[in-house]
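The block underneath contains the structure these notes are about, expressed in structure tokens.
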DNA sequence: CGTGTTCTTGATGTTGATCAACAAGCGTGG
DNA sequence: CCACGCTTGTTGATCAACATCAAGAACACG
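Chains as they are written, first to last, in the numbering used here: chain A, 1 to 212; chain B, 1001 to 1212.
Here you go:
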């Protein structure tokens, strides 16, 4: 069921219009780049799921975003990575030289516009995330994540690509709270959880109501 | 003490390289634009402080960012505003037609690059905000905001342009918690609070340690 | 099958929210 | 200049949500 470069409506993004320096596979859990690395490539995700985020010295982790097939990641303002990217599942990426892309953008206004559009929609997702973390309860956050995942597949039933720990670190919660919230939804009949990594949304309305 | 177009090192951003459609003043508390408006202008803040954020239907509010003199705001991916912008203090802004700016960017690679740089640094600040809201305690959040405000003036003593409610809505806390945390810092000798709107950082080290 | 990992569930603890009262600033009008 | 009311901020008491700690269950993989 490989569908490279298929663009989901909710996340439609142009592929990077530059020849890839290379195409690489990463195993689940592998690091793609780390905080402090020099940021001379950007990535286009062909298949799989990637998480980007940061780690505090005491071990607390915050995931900024999950990235799915067709999306791009690894853009930085400066020369040095401020986030770490890891493969959540088995992953294949196209790697593009940042320099090649910025050169092209300097010559081609349309490419520059796409690049701009890409980052600004990333900014908007980050703002949604801020709202979620700043002002929403655990229930609302978990519901929000489930809806986000459902929207990108377009299906009410889908596999969770990430662990409970990943969900917790994205939502600013603990695994226990995520787990309890999911079984709460289960008991209220909002979702089914046939396996630990597969969700079906039974009452989308109710879940949406939780997110307003 | 007006200093239009002075760029603080920590927030150095190019002015929008387009003739302003107009220059407008807003009184403190006035709305500059609102969620749902059509997004056909961008703004350059000449003087004062602006907050951008969102409101949930039940009244919960989340401030995405504070903007200071020299900074730009009001960029949107789509045609419709997703955030509201309000004057925190008395404010003067240059208003630029979005269309004029994007036309210029399409012709001029350097302008396009600046625009890109602007949004990507906005994205990085939003990611810092996510980390703050997702994984930091109330103390750490308040310390982080104080340091952010100190950095942009370059002084250890500064006026707080915003109310406790604004601070709370930026930090994902309540006014009571912000207030208590500040008096906590006061009692530990980390700050002085000669008036309710003026802060002096007495022990910057300790505050930085709180943010790691 | 065992063994290690991930997930769930339960009991308890802590942080920050909520509710309530009071204090401090601030503008207006006497 | 003070009295007044109104807004904003502080402080206290209590509560609730989520974290933490601990144990067990389910699952994955050799």
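Glycine included, each C-beta is placed from N, C-alpha and C at the ideal position.
Query, Result
"Residues near residue 1069(B) in its chain [Cβ-Cβ closer than 6 Å; skip 5 each side]", "1045 and 1047"
"Own chain, CB closer than 7 Å to residue 207(A), minus 5 neighbours either side, in chain order", "143, 146, 147, 190 and 201"
"Any C-beta of chain B under 7 Å from that of residue 177(A)", "no"
"The alpha helix (DSSP H) enclosing residue 121(A), as first and last residue numbers", "109-135"
"In DSSP terms, what residue 74(A) is bridged to", "None, per the DSSP bridge assignment."
"Delimiting residues of the beta strand (DSSP E) encompassing residue 1092(B)", "1091-1097"
"Residue 22(A), enclosing beta strand (DSSP E) - first and last residue", "22-26"
"Whole-angstrom C-beta distance between residue 32(A) and residue 90(A), which should lie under 8 Å", "Their Cβ separation, rounded to whole angstroms, is 13 Å, which puts residue 90(A) and residue 32(A) out of contact at 8 Å."
"Selection of the stretch 103-131 of chain A by Cβ proximity to chain B, strictly under 7 Å", "105, 106, 107, 109, 112, 113, 115, 116, 117, 119, 120, 121, 122, 123, 124, 126, 127, 129, 130 and 131"
"The stretch 1019-1029 of chain B / the stretch 1053-1062 of chain B touching (three or more Cβ pairs under 8 Å)", "no"
"Interface positions of the stretch 160-188 of chain A facing chain B (Cβ-Cβ less than 7 Å), listed along the chain", "172"
"Terminal residues of the beta strand (DSSP E) in which residue 1064(B) lies", "1061-1067"
"6 Å Cβ shell around residue 1008(B) - same chain, five flanking residues per side excluded", "In this prediction, residue 1008(B) scores a pLDDT of 39, lower than 50, which makes its location untrustworthy; the coordinate-derived value is nonetheless stated afterwards. Within the same chain, residue 1008(B) has close Cβ partners 1152."
"Chain B residues whose Cβ lies nearer than 7 Å to that of residue 75(A)", "1120"
"Residue 1142(B) - containing alpha helix (DSSP H), residue span", "1138-1153"
"Chain B contacts made by the stretch 26-39 of chain A, where a contact means CB separation under 7 Å", "none"
"Environment of residue 49(A) [buried if 16+ CB atoms lie within 10 Å]", "buried"
"Residue 150(A) classed as buried or exposed, judged by whether at least 16 other C-beta atoms fall within 10 angstroms", "buried"
"Own chain residues within Cβ distance below 7 Å of residue 1083(B), not counting five before or after", "1035, 1052, 1053, 1054 and 1064"
"Environment of residue 1129(B) [buried if 16+ CB atoms lie within 10 Å]", "buried"
"Helix, strand or coil at residue 1053(B) [DSSP, three-state]", "strand"
"is_contact[residue 56(A), chain B] using C-beta, thresh 7 Å", "yes"
"Host beta strand (DSSP E) of residue 45(A) (start-end)", "41-47"
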